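In order, the protein sequences belong to chains V and Y.
Per the numbering used here: the first sequence = residues 16 to 582.
Per the numbering used here: the second sequence = residues 16 to 582.
Don't be surprised by glycine CBs; every beta carbon is placed ideally from N, CA and C.
Because the structure is a prediction, the values reported are computed rather than measured.
There are 2 protein chains.
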Amino acid sequence: MGWVQRRRDHGGLIFIDLRDREGIVQLALDPDRDPDAHAKADRIRNEFVLAVRGIVSPRPAGTVNAKMRTGEVEVEIRELRILNTSKTPPFMVDDTTEVAENIRLKHRYLDLRRPGIQNNLMLRHRVARTVRTYLDARNFLEIETPILTKSTPEGARDYLVPSRVNPGTFYALPQSPQLFKQLLMISGFDRYCQITRCFRDEDLRADRQPEFTQIDCEMSFVNRDDVIEVMEGMIATVFKEAIGVDVSLPMPRMTYAEALARYGVDNPDLRFDLELVEISNQVKESGFKVFAEVVKGGGIVKALNAKGCGTFSRKEIDDLTDFVKIYGAKGLAYVKVTEEGWQSPIAKFFTAEELSALDRALGSEVGDLLLFVADSYKIANEALGRLRGHLGHKLGLTSKTNFKFVWVTDFPLLEWDGESRRHVAVHHPFTAPMDEDVSLLDGDPGKARAKAYDLVLNGSEIGGGSIRIHDQSVQSKMFDLMGIAQDEAREKFGFLLDALEYGAPPHGGIAFGLDRLVMILTGSDSIRDVIAFPKTQKATCLLSEAPGTVDEKQLRELSIRLATRPK
Amino acid sequence: MGWVQRRRDHGGLIFIDLRDREGIVQLALDPDRDPDAHAKADRIRNEFVLAVRGIVSPRPAGTVNAKMRTGEVEVEIRELRILNTSKTPPFMVDDTTEVAENIRLKHRYLDLRRPGIQNNLMLRHRVARTVRTYLDARNFLEIETPILTKSTPEGARDYLVPSRVNPGTFYALPQSPQLFKQLLMISGFDRYCQITRCFRDEDLRADRQPEFTQIDCEMSFVNRDDVIEVMEGMIATVFKEAIGVDVSLPMPRMTYAEALARYGVDNPDLRFDLELVEISNQVKESGFKVFAEVVKGGGIVKALNAKGCGTFSRKEIDDLTDFVKIYGAKGLAYVKVTEEGWQSPIAKFFTAEELSALDRALGSEVGDLLLFVADSYKIANEALGRLRGHLGHKLGLTSKTNFKFVWVTDFPLLEWDGESRRHVAVHHPFTAPMDEDVSLLDGDPGKARAKAYDLVLNGSEIGGGSIRIHDQSVQSKMFDLMGIAQDEAREKFGFLLDALEYGAPPHGGIAFGLDRLVMILTGSDSIRDVIAFPKTQKATCLLSEAPGTVDEKQLRELSIRLATRPK
Numbered sequence: 016m017g018w019v020q021r022r023r024d025h026g027g028l029i030f031i032d033l034r035d036r037e038g039i040v041q042l043a044l045d046p047d048r049d050p051d052a053h054a055k056a057d058r059i060r061n062e063f064v065l066a067v068r069g070i071v072s073p074r075p076a077g078t079v080n081a082k083m084r085t086g087e088v089e090v091e092i093r094e095l096r097i098l099n100t101s102k103t104p105p106f107m108v109d110d111t112t113e114v115a116e117n118i119r120l121k122h123r124y125l126d127l128r129r130p131g132i133q134n135n136l137m138l139r140h141r142v143a144r145t146v147r148t149y150l151d152a153r154n155f156l157e158i159e160t161p162i163l164t165k166s167t168p169e170g171a172r173d174y175l176v177p178s179r180v181n182p183g184t185f186y187a188l189p190q191s192p193q194l195f196k197q198l199l200m201i202s203g204f205d206r207y208c209q210i211t212r213c214f215r216d217e218d219l220r221a222d223r224q225p226e227f228t229q230i231d232c233e234m235s236f237v238n239r240d241d242v243i244e245v246m247e248g249m250i251a252t253v254f255k256e257a258i259g260v261d262v263s264l265p266m267p268r269m270t271y272a273e274a275l276a277r278y279g280v281d282n283p284d285l286r287f288d289l290e291l292v293e294i295s296n297q298v299k300e301s302g303f304k305v306f307a308e309v310v311k312g313g314g315i316v317k318a319l320n321a322k323g324c325g326t327f328s329r330k331e332i333d334d335l336t337d338f339v340k341i342y343g344a345k346g347l348a349y350v351k352v353t354e355e356g357w358q359s360p361i362a363k364f365f366t367a368e369e370l371s372a373l374d375r376a377l378g379s380e381v382g383d384l385l386l387f388v389a390d391s392y393k394i395a396n397e398a399l400g401r402l403r404g405h406l407g408h409k410l411g412l413t414s415k416t417n418f419k420f421v422w423v424t425d426f427p428l429l430e431w432d433g434e435s436r437r438h439v440a441v442h443h444p445f446t447a448p449m450d451e452d453v454s455l456l457d458g459d460p461g462k463a464r465a466k467a468y469d470l471v472l473n474g475s476e477i478g479g480g481s482i483r484i485h486d487q488s489v490q491s492k493m494f495d496l497m498g499i500a501q502d503e504a505r506e507k508f509g510f511l512l513d514a515l516e517y518g519a520p521p522h523g524g525i526a527f528g529l530d531r532l533v534m535i536l537t538g539s540d541s542i543r544d545v546i547a548f549p550k551t552q553k554a555t556c557l558l559s560e561a562p563g564t565v566d567e568k569q570l571r572e573l574s575i576r577l578a579t580r581p582k
Numbered sequence: 016m017g018w019v020q021r022r023r024d025h026g027g028l029i030f031i032d033l034r035d036r037e038g039i040v041q042l043a044l045d046p047d048r049d050p051d052a053h054a055k056a057d058r059i060r061n062e063f064v065l066a067v068r069g070i071v072s073p074r075p076a077g078t079v080n081a082k083m084r085t086g087e088v089e090v091e092i093r094e095l096r097i098l099n100t101s102k103t104p105p106f107m108v109d110d111t112t113e114v115a116e117n118i119r120l121k122h123r124y125l126d127l128r129r130p131g132i133q134n135n136l137m138l139r140h141r142v143a144r145t146v147r148t149y150l151d152a153r154n155f156l157e158i159e160t161p162i163l164t165k166s167t168p169e170g171a172r173d174y175l176v177p178s179r180v181n182p183g184t185f186y187a188l189p190q191s192p193q194l195f196k197q198l199l200m201i202s203g204f205d206r207y208c209q210i211t212r213c214f215r216d217e218d219l220r221a222d223r224q225p226e227f228t229q230i231d232c233e234m235s236f237v238n239r240d241d242v243i244e245v246m247e248g249m250i251a252t253v254f255k256e257a258i259g260v261d262v263s264l265p266m267p268r269m270t271y272a273e274a275l276a277r278y279g280v281d282n283p284d285l286r287f288d289l290e291l292v293e294i295s296n297q298v299k300e301s302g303f304k305v306f307a308e309v310v311k312g313g314g315i316v317k318a319l320n321a322k323g324c325g326t327f328s329r330k331e332i333d334d335l336t337d338f339v340k341i342y343g344a345k346g347l348a349y350v351k352v353t354e355e356g357w358q359s360p361i362a363k364f365f366t367a368e369e370l371s372a373l374d375r376a377l378g379s380e381v382g383d384l385l386l387f388v389a390d391s392y393k394i395a396n397e398a399l400g401r402l403r404g405h406l407g408h409k410l411g412l413t414s415k416t417n418f419k420f421v422w423v424t425d426f427p428l429l430e431w432d433g434e435s436r437r438h439v440a441v442h443h444p445f446t447a448p449m450d451e452d453v454s455l456l457d458g459d460p461g462k463a464r465a466k467a468y469d470l471v472l473n474g475s476e477i478g479g480g481s482i483r484i485h486d487q488s489v490q491s492k493m494f495d496l497m498g499i500a501q502d503e504a505r506e507k508f509g510f511l512l513d514a515l516e517y518g519a520p521p522h523g524g525i526a527f528g529l530d531r532l533v534m535i536l537t538g539s540d541s542i543r544d545v546i547a548f549p550k551t552q553k554a555t556c557l558l559s560e561a562p563g564t565v566d567e568k569q570l571r572e573l574s575i576r577l578a579t580r581p582k
C-alpha cells in the first residue's frame with residue numbers, strides 16, 4: 016500500500032511508482048494480464064492511495080534503473096484497489112522541486128511526504144530511542160516535570176497561561192525543567208533524564224522555535240568529569256547508531272580562556288585552524304598609533320593569518336571589513352604577504368624588526384592574508400572569532416560530514432552587566448563556583464570561574480550544563496552578588512532555597528538541544544526540516560493557523576481582556 | 016552515598032540506616048575501630064547526606080532483621096563524610112507516617128524521598144520504556160507534535176496562551192494530538208506514537224490533573240482488529256515487564272449494547288458477576304403499577320441479584336437507595352429471598368407465576384437480595400450499573416491484584432443532545448461509522464454505530480480509540496449531522512478537510528492514559544502518587560506556588576489586561 020509518485024503509459028503498459036516511508040517501487044500493469052487493474056490504473060493520478068497485490072519480478076533487460084534502490088525489480092500487478100483519490104497537489108512531492116516555504120508549511124501534510132523530511136524524522140526517532148536506551152542502561156530515570164508551572168529564571172521571556180480557577184494569576188511554560196530536576200536530585204532519584212519540550216517567547220532567529228526539545232539530564236554525587244564522561248559516551252553512541260560515524264573518546268577539552276585566546280569565541284569550530292594570535296605586545300610600542308593606542312587604552316590587538324588568501328580581491332577584503340563591523344569592530348587592517356614582503360597600507364608604520372616579529376608570531380608565508388582587529392578584549396575577540404568562522408565557510412573548510420567536538424570548561428561564573436549595574440550569571444544562578452574560586456566571591460566575584468561546561472560541535476553549542484550549588488549559604492550569596500534581594504529570591508526560588516536546607520546531595524547535569532543535534536546529524540540547513548509541525552519566524556503555524564482569535568466567553572472565564580484588537 | 020533514615024546509639028556503638036532509591040542499609044560505627052567517623056556520626060541527624068566507605072559484613076548473631084532486604088548485613092564504617100546537613104524535616108520520610116497531603120505537596124522534595132512514591136515513579140519509567148520498546152519494534156515512529164497549537168475539538172475547555180507577536184490572538188494547549196496524528200498518517204508516516212502531555216482546563220475530580228500524559232498511537236492501512244491486536248499485546252507486555260503479571264490474549268470483547276445490557280455501563284468491571292437482567296417483559300402486565308407503567312411509558316425495569324446479600328440491614332439497603340438516587344433513579348425496590356419466598360413490600364403485587372418467572376430470570380436462591388430500578392433506559396442502566404460497582408467494592412470483590420480486561424466495541428456514533436438540539440459525537444467527530452451503518456447517516460443517524468473501541472480494565476477506561484474517517488465527503492456529512500456549519504467546520508478544521516482531499520489513507524488509532532495505567536499497576540489510590548509534581552484540585556502547585564501573579568510589563572507585552580485583581 017502506498018502513494019502514487021507518478022504514472023507513465025508506455026505503449027499500453029502502465030507503470031506506477033508507488034511510494035511509502037521506506038521508498039519507491041515500480042508497479043507494472045499489463046492490460047493482457049489483468050485488464051481490470053489496468054482499467055482502474057487509467058484514472059490514477061499522483062498521490063492517489065493504492066493497495067496492490069502482485070509478483071515481485073526482475074525488470075526486463077535494459078529497463079533496470081541503477082539509481083533506484085529497487086531499480087532491479089518491479090511488481091507485476093494482479094490486483095489493484097484505489098483506497099483514496101487525490102486532487103492535484105499544489106506541488107510535486109519530492110526533494111528536488113523548489114517550492115516557497117510558506118506553501119510547503121501551509122500544506123505540511125504533503126510536504127511531510129518528501130523522502131528527505133521523512134528520513135529526518137525517522138532519524139530523529141532513532142536518536143531519541145538511542146538516548147533513552149543509553150541512559151536507561153546507566154540507571155537514569157525518565158521523570159516528567161510540569162508544563163504548567165511557574166516562571167523560571169532563565170532570563171528569556173516566558174509564555175504565560177492565564178488561570179481560570181485562580182483569577183488574575185498565570186502559569187508559565189517552562190524555559191527548562193532546571194529547578195524541577197534539581198528538586199528530583201534533592202528527592203534522592205539519583206539520576207534523572209527527560210526528553211522534554213521547553214518554551215521561550217523570544218524573537219525568532221533562523222534556528223530557533225518558540226517550543227524546542229531538550230535532552231535533559233541530572234546526576235547526584237558527581238563531579239564535572241563524571242557528567243562529561245557519561246554524556247560524551249551518549250553523544251558518541253548517538254552518532255554511531257544514527258549515522259554510523261565513530262566519534263573518538265574522550266573528546267578534547269579546552270578552557271573558556273583558551274577558547275577565547277585561540278578562537279575568539281566560546282564555541283570554536285575545530286574543523287579548521289586559522290587560529291587567532293594576540294599581538295598586543297608586539298605592537299604596543301610600534302609607530303602604528305592606531306594599534307599602540309588601543310593597547311595603551313586597555314584594549315588588545317589580535318590577528319588571524321588567512322593562509323593562502325593573499326589573492327583575495329579588494330571587494331572580498333571590503334566584505335570582510337563589513338563583516339567585522341557587525342560585531343562592533345571599527346575596522347579591519349590587512350596585509351598581503353608577497354615575495355616583496357608586506358603589501359599593506361599599514362606596513363610603513365612598522366620597523367623591520369617589528370615586521371619580522373609579527374611574521375614569526377603569525378607564521379606568515381608568501382601568499383597569506385593577515386587580518387587584524389584592534390579593540391576592546393570583547394570586541395576584538397568576537398569580531399575576529401566570527402570572521403574566522405566566516406572564512407572557514409568561505410574557504411570550504413566546514414564539511415558537514417566532518418564532526419569536531421570540544422568541551423569548553425571553566426567559564427566565568429558571573430559577568431558584569433553595565434546597564435543594570437549588577438552581576439548576572441553566565442550560565443544560571445544555580446551553577447557552582449570552582450572550589451578554588453569560592454574565596455573570590457567575597458573579594459573579586461567577576462574573577463570566579465564556574466563548574467560549567469558546554470559541548471561544542473563544529474562551532475555550535477549542542478549542550479551545556481554545570482555542577483549545581485548544593486549549599487544553601489552559597490546559593491544565597493549568589494543571589495546577593497546578582498543583586499537579587501532576599502525577598503525577591505524567596506518569592507521566586509523559595510522552594511529551592513528551602514529544599515537546599517533538607518539534605519541536598521552534590522549534583523550536576525546538562526541539557527542538549529535535540530533539534531539542533533538532529534539538524535547537524537541530518538545535515539539540514541533549517542530547524543524546520545527536523546520538526547514535524549514547526550512555526551514560522553512570526554511564531555505562527557501556517558497549517559493550523561495558530562495562534563487564533565478566541566471567544567469573548569473564553570476570555571471572560573479567564574478573567575482577562577484584550578488590550579489590542581487582533582489584526 | 017545516601018540519606019540518613021535514622022540513627023541509634025547502642026551502648027557507644029552508633030547505627031545509621033542509610034537510604035537511597037534502591038533501599039536501606041545499616042551502617043555500624045564503632046568508636047574503637049574509627050574514632051573519627053564515630054565522632055562525626057555523633058552530630059548526624061535524619062536526612063543528612065553521607066558518603067561512607069566500609070566493609071559489608073554479616074550482622075552479629077541475634078541482630079539479623081528478617082523484614083529488611085539487607086537485614087543480614089551491615090557496613091562496618093572505615094570512613095565517613097557528611098556531604099550535607101539537614102534541618103529537622105517537617106515529617107518523617109517513610110510510607111507509614113500519616114501526613115496531611117497539603118504538607119506533603121508543599122515539601123514535595125521530601126515527600127518524594129518515600130520508598131513508596133519512588134517505586135511508583137521507577138515503575139512509571141519502566142512502563143514508558145516498555146511501551147516505547149514494544150512500539151519501536153513494531154515500526155512505530157515517535158514524532159513530536161506541537162504544544163503551542165490551536166484549539167482542538169475535544170469538547171473540554173482549552174488552556175490558552177496569549178501571543179505576543181500576534182496581539183489579540185492565542186495558542187491553545189492540546190487536549191490531545193488528535194488532528195496532528197491524523198495529519199501524520201496522511202503524510203505517510205504509517206505508524207506514529209508519542210508519550211505526550213495533554214491539557215484540559217476542567218474542574219478537577221479526584222483522579223484528574225490539568226495536565227496528564229497520554230500514550231498516543233495511530234496506524235495507517237488498518238482496521239479495528241489490527242489496532243486491537245497490536246495494542247493488547249502492548250498492554251500485556253507492560254503488565255509482564257512492570258509487575259510480572261501474565262495477561263492472557265486475546266482479551267475478551269463485548270459490544271457497547273451487551274455491556275449496557277449486562278452491566279449497565281460501558282466500562283464494566285469484570286472482576287465479579289452480579290450481572291443486570293432486564294425484566295421489563297416479565298413485569299409489564301403485572302399488578303405492580305410502578306413497574307408496569309414505566310415499561311408502558313417507554314422505560315425499562317432492570318434487576319440485579321446481589322447473591323447472598325439477604326442479610327443486609329435496613330440501614331444498608333437505605334444506603335443503596337441513596338446511592339442510586341445520585342444517578343437520577345427515583346427509587347430502588349428490593350426483595351430478600353427467604354425460605355418462605357419473597358420478603359418485600361412489593362411481593363404482594365405479583366402473581367405466583369410472575370414471581371417464579373422473575374426467580375428464574377434472576378437465578379434467585381434463598382439468602383439473595385434482589386434489587387430493581389424502573390426508569391428510562393439511560394437512568395435504569397446507569398443507576399443499577401453503578402450500584403453493581405458499589406456492591407462489588409462493598410463485598411470485597413475488587414482485589415487490586417486481579418486484572419480483568421475487556422474491549423468494548425460498536426459504540427454509537429452520535430448521541431442527541433437535548434439542550435443544544437443537535438447530535439454530538441460520542442467519541443469525536445473524526446470517528447468513522449461502521450461500514451454497514453453508513454447508509455443510516457442519511458435516515459436515522461442516531462442508530463449508526465462507530466468503529467470505536469475502549470479498553471476497560473477493572474471498570475476503568477484505560478484507553479480508547481477508533482478508525483477515523485478518511486473520506487472527505489463522510490467527514491463533511493459528520494459535521495453537518497452535528498450541526499457544525501460549513502464555515503465553522505472550515506475555520507476550525509479546514510486544514511484537516513483539505514488534507515483529506517489529497518490522498519488520505521485509511522487509518523485509526525488509540526490513546527491510553529498513562530497516569531491512570533500506572534495508578535492501577537501500582538495499586539495507588541491517588542493520581543498524585545504517580546506524578547512527581549502534581550497539582551491540587553484547585554489546579555495549584557503547592558511547591559512552586561504556581562500559578563502566580565505577573566508584572567504589568569508582561570501583560571502589556573502580551574496585549575492583555577486583567578479583568579479581576581488576583582486575590
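Where does the unbroken beta strand (DSSP E) through residue i begin, and where does it stop?
{"i": "histidine 438 of chain V", "result": "437-440"}
{"i": "serine 481 of chain Y", "result": "475-482"}
{"i": "aspartate 495 of chain V", "result": "No beta strand (DSSP E) holds aspartate 495 of chain V; the alpha helix (DSSP H) holding it covers 487-496."}
{"i": "isoleucine 92 of chain Y", "result": "88-99"}
Thinking C-alpha only, which one of the options is nearest residue i?
{"i": "arginine 34 of chain Y", "options": "V:Val253, V:Gly203 and V:Gly314", "result": "V:Gly203"}
{"i": "serine 475 of chain Y", "options": "Y:Leu515, Y:Asp457, Y:Asp222 and Y:Tyr349", "result": "Y:Asp222"}
{"i": "glycine 325 of chain V", "options": "V:Ala376, V:Thr353, V:Arg239 and V:Asp57", "result": "V:Thr353"}
{"i": "arginine 277 of chain Y", "options": "Y:Ile294, Y:Pro225 and Y:Arg531", "result": "Y:Ile294"}
Is residue i near residue j, with beta carbons less than 9 angstroms apart?
{"i": "valine 90 of chain Y", "j": "asparagine 61 of chain Y", "result": "no"}
{"i": "threonine 446 of chain Y", "j": "arginine 483 of chain Y", "result": "yes"}
{"i": "glutamate 300 of chain V", "j": "glycine 524 of chain V", "result": "no"}
{"i": "arginine 486 of chain V", "j": "asparagine 99 of chain Y", "result": "First, the residue type needs correcting, since residue 486 of chain V is aspartate and not arginine in the sequence shown. Cβ distance < 9 angstroms, so aspartate 486 of chain V and asparagine 99 of chain Y count as in contact."}
{"i": "valine 280 of chain V", "j": "lysine 317 of chain V", "result": "no"}
List the endpoints of the continuous alpha helix (DSSP H) containing residue i.
{"i": "glycine 248 of chain Y", "result": "239-258"}
{"i": "arginine 531 of chain V", "result": "529-537"}
Within 10 angstroms of its Cβ, does residue i collect 16 or more other Cβ (buried), or is it exposed?
{"i": "aspartate 151 of chain Y", "result": "buried"}
{"i": "histidine 442 of chain Y", "result": "buried"}
{"i": "lysine 196 of chain Y", "result": "buried"}
{"i": "alanine 344 of chain Y", "result": "buried"}
{"i": "serine 235 of chain Y", "result": "buried"}
Taking the straight line between their C-alpha atoms, what separation do you get for residue i and residue j?
{"i": "threonine 228 of chain V", "j": "lysine 466 of chain Y", "result": "35 angstroms"}
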